[in-house]
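Shown next, in C-alpha coordinates, is the structure this report addresses.
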Amino acid sequence: MTDKASTDIRPAIPVIRIFDLEKAQQFYLDYLGFSVDWEHRHEEDFPIYMQISRSGCVLHLSEHHGDATPGSTCFVPITGAMALHQELGDRRYRNIKPSLEAMPWGLQITVTDPFGNRLRFCEYRGEQPSTS
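Just so you know, full-length UniProt numbering puts 77 at position 77 of the sequence shown, and the rest follows in order with no gaps.
This is how it looks when you write it as C-alpha coordinates:
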(Lines of atoms letter the chains of each structure in order from A and count residues from 1; the text may use other names and numbers.)
(Lines give C-alpha, C1' and ligand atoms only; values in the text may rest on other atoms or scores of the structure.)
Protein backbone atom coordinates (compact mmCIF):
# COMPACT_ATOMS: atom_id res chain seq x y z
CA MET A 1 0.00 0.00 0.00
CA THR A 2 1.28 3.48 -0.89
CA ASP A 3 1.83 6.05 1.84
CA LYS A 4 -0.69 8.84 1.07
CA ALA A 5 1.40 11.34 3.03
CA SER A 6 4.20 11.01 0.43
CA THR A 7 1.88 11.70 -2.51
CA ASP A 8 1.55 15.26 -3.79
CA ILE A 9 -1.17 15.60 -6.43
CA ARG A 10 -0.90 18.96 -8.17
CA PRO A 11 -3.35 20.85 -10.39
CA ALA A 12 -4.12 19.16 -13.70
CA ILE A 13 -2.75 20.68 -16.90
CA PRO A 14 -5.25 20.52 -19.77
CA VAL A 15 -3.97 19.42 -23.18
CA ILE A 16 -5.67 21.40 -25.95
CA ARG A 17 -5.64 20.17 -29.55
CA ILE A 18 -4.54 22.73 -32.12
CA PHE A 19 -4.26 22.43 -35.91
CA ASP A 20 -2.33 25.56 -36.90
CA LEU A 21 0.54 26.95 -34.84
CA GLU A 22 0.24 30.51 -36.20
CA LYS A 23 -3.49 30.71 -35.39
CA ALA A 24 -2.84 29.22 -31.94
CA GLN A 25 -0.14 31.82 -31.24
CA GLN A 26 -2.42 34.68 -32.35
CA PHE A 27 -5.20 33.46 -30.07
CA TYR A 28 -3.40 32.20 -26.96
CA LEU A 29 -0.38 34.54 -26.92
CA ASP A 30 -1.49 37.76 -28.64
CA TYR A 31 -5.17 37.78 -27.64
CA LEU A 32 -5.29 35.95 -24.28
CA GLY A 33 -1.86 37.12 -23.11
CA PHE A 34 -0.24 33.74 -22.38
CA SER A 35 3.53 33.24 -22.72
CA VAL A 36 5.43 30.26 -24.14
CA ASP A 37 7.27 28.28 -21.45
CA TRP A 38 8.71 25.65 -23.79
CA GLU A 39 8.18 23.97 -27.17
CA HIS A 40 9.02 20.45 -28.37
CA ARG A 41 9.11 18.74 -31.76
CA HIS A 42 10.57 15.27 -32.32
CA GLU A 43 11.97 16.56 -35.61
CA GLU A 44 11.83 19.90 -37.46
CA ASP A 45 8.72 19.15 -39.56
CA PHE A 46 6.88 17.19 -36.86
CA PRO A 47 3.84 18.42 -34.91
CA ILE A 48 4.51 20.77 -32.01
CA TYR A 49 3.79 20.18 -28.33
CA MET A 50 4.17 23.26 -26.15
CA GLN A 51 3.46 24.67 -22.72
CA ILE A 52 2.03 28.16 -22.25
CA SER A 53 1.13 29.99 -19.06
CA ARG A 54 -0.35 33.13 -17.63
CA SER A 55 -0.31 33.78 -13.89
CA GLY A 56 -1.09 30.39 -12.31
CA CYS A 57 -2.78 28.90 -15.39
CA VAL A 58 -0.75 26.36 -17.38
CA LEU A 59 -1.96 24.85 -20.67
CA HIS A 60 -0.40 22.37 -23.08
CA LEU A 61 -1.10 22.91 -26.78
CA SER A 62 -0.61 19.94 -29.11
CA GLU A 63 -0.72 19.38 -32.86
CA HIS A 64 -0.39 15.62 -32.26
CA HIS A 65 -3.33 13.50 -33.44
CA GLY A 66 -4.95 11.73 -30.50
CA ASP A 67 -3.57 13.99 -27.76
CA ALA A 68 -6.90 15.69 -27.08
CA THR A 69 -10.42 15.97 -28.41
CA PRO A 70 -11.13 19.13 -30.42
CA GLY A 71 -14.14 21.04 -29.13
CA SER A 72 -13.37 20.46 -25.45
CA THR A 73 -13.94 22.95 -22.63
CA CYS A 74 -11.47 24.05 -19.93
CA PHE A 75 -12.79 25.74 -16.79
CA VAL A 76 -10.24 28.27 -15.48
CA PRO A 77 -10.78 29.87 -12.04
CA ILE A 78 -9.64 33.51 -11.98
CA THR A 79 -9.82 36.72 -9.99
CA GLY A 80 -10.62 40.01 -11.70
CA ALA A 81 -13.21 38.84 -14.24
CA MET A 82 -14.28 42.40 -15.01
CA ALA A 83 -10.67 43.44 -15.67
CA LEU A 84 -10.09 40.42 -17.95
CA HIS A 85 -13.31 41.18 -19.82
CA GLN A 86 -12.12 44.76 -20.39
CA GLU A 87 -8.65 43.57 -21.45
CA LEU A 88 -10.06 41.15 -24.02
CA GLY A 89 -12.48 43.79 -25.30
CA ASP A 90 -9.61 46.25 -25.75
CA ARG A 91 -7.46 43.71 -27.62
CA ARG A 92 -10.14 42.55 -30.03
CA TYR A 93 -9.88 39.27 -31.85
CA ARG A 94 -11.59 38.46 -35.12
CA ASN A 95 -15.16 37.17 -34.66
CA ILE A 96 -14.95 37.14 -30.85
CA LYS A 97 -16.69 39.53 -28.52
CA PRO A 98 -16.86 37.69 -25.19
CA SER A 99 -19.55 38.62 -22.74
CA LEU A 100 -19.34 38.71 -18.96
CA GLU A 101 -22.02 36.30 -17.77
CA ALA A 102 -23.44 36.19 -14.25
CA MET A 103 -23.72 32.48 -13.47
CA PRO A 104 -24.96 30.97 -10.18
CA TRP A 105 -21.32 30.13 -9.30
CA GLY A 106 -19.73 33.42 -10.40
CA LEU A 107 -18.83 35.82 -13.20
CA GLN A 108 -17.81 33.91 -16.31
CA ILE A 109 -16.19 34.77 -19.64
CA THR A 110 -16.22 32.10 -22.36
CA VAL A 111 -13.94 32.31 -25.39
CA THR A 112 -13.62 29.81 -28.23
CA ASP A 113 -10.27 29.25 -29.94
CA PRO A 114 -9.90 28.84 -33.74
CA PHE A 115 -10.14 25.04 -33.30
CA GLY A 116 -13.45 24.94 -31.42
CA ASN A 117 -12.02 24.58 -27.91
CA ARG A 118 -13.65 26.69 -25.20
CA LEU A 119 -12.02 28.32 -22.19
CA ARG A 120 -14.36 29.42 -19.43
CA PHE A 121 -12.68 31.95 -17.15
CA CYS A 122 -14.67 32.25 -13.92
CA GLU A 123 -14.41 34.42 -10.84
CA TYR A 124 -16.22 32.44 -8.16
CA ARG A 125 -19.02 34.04 -6.20
CA GLY A 126 -18.66 33.68 -2.46
CA GLU A 127 -16.71 30.69 -1.17
CA GLN A 128 -14.41 28.94 -3.62
CA PRO A 129 -14.08 25.16 -3.83
CA SER A 130 -11.15 23.81 -1.82
CA THR A 131 -8.01 22.88 -3.74
CA SER A 132 -6.44 21.02 -0.84
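All C-beta atoms in this analysis are idealised placements derived from N, C-alpha and C, irrespective of residue type, glycine included.
Between Phe121 and Ile78, which are expected to be in contact by the criterion C-beta below 8 Å, what is the C-beta distance as a whole number of angstroms?
Working through the sequence shown from its first residue, we reach residue 121 at position 121. Working through the sequence shown from its first residue, we reach residue 78 at position 78. Here Phe121 really is in contact with Ile78; their C-beta atoms are around 5 Å apart, less than 8 Å.
Start and end of the alpha helix (DSSP H) containing Leu88?
Position 88 of the sequence shown, counting from 1, holds the residue named residue 88. Taken as a continuous stretch (DSSP letters only), the alpha helix (DSSP H) holding Leu88 covers Ala81 to Arg91.
Write down the C-beta distance between Ile48 and Leu84 rounded to the nearest angstrom, noting that I regard them as a contact closer than 8 Å.
Here residue 48 corresponds to residue number 48 of the sequence shown, with the count starting at 1. Here residue 84 corresponds to residue number 84 of the sequence shown, with the count starting at 1. At roughly 27 Å, the Cβ-Cβ gap does not stay under 8 Å, so Ile48 and Leu84 are not in contact.
Considering only C-alpha positions, which residue in the set Gly71, His64, Ala81 and Gln25 is nearest to Trp105?
On the sequence shown, position 105 is the one that residue 105 refers to. Of Gly71, His64, Ala81 and Gln25, the residue nearest in Cα terms is Ala81.
Counting along the chain, where does the beta strand (DSSP E) carrying Ala102 start and finish?
Stepping through the sequence shown from its first residue, residue 102 is reached at position 102. Leu100 to Met103 is the span of the beta strand (DSSP E), which, as asked, contains Ala102.
Measure from the alpha carbon of Lys23 to the alpha carbon of each residue in Gln108, Asp113 and Pro14, then state which is nearest.
Stepping through the sequence shown from its first residue, residue 23 is reached at position 23. By alpha-carbon distance to Lys23, the top candidate from Gln108, Asp113 and Pro14 is Asp113.
Taking the runs of the beta strand (DSSP E) that are 3 residues or longer, which of them lie wholly in the UniProt domain "VOC" (10-124)?
Qualifying beta strand (DSSP E) stretches, in chain order: 15-17, 35-40, 49-54, 57-62, 73-77, 100-103, 106-112 and 118-124.
With a Cβ-Cβ cutoff of 9 Å, do residue 213 and Pro70 count as a contact?
Since the first residue of the chain shown is 1 and the last is 132, residue 213 is not available in this structure.
Kindly give me the distance between the Cβ atoms of Ile16 and Ala68, rounded to whole angstroms, as I take these residues to be in contact under 8 Å.
Position 16 of the sequence shown, counted from the start, is the residue given in the question as residue 16. Position 68 of the sequence shown, counted from the start, is the residue given in the question as residue 68. Indeed, because the Cβ distance is near 6 Å, the residues count as touching under 8 Å.
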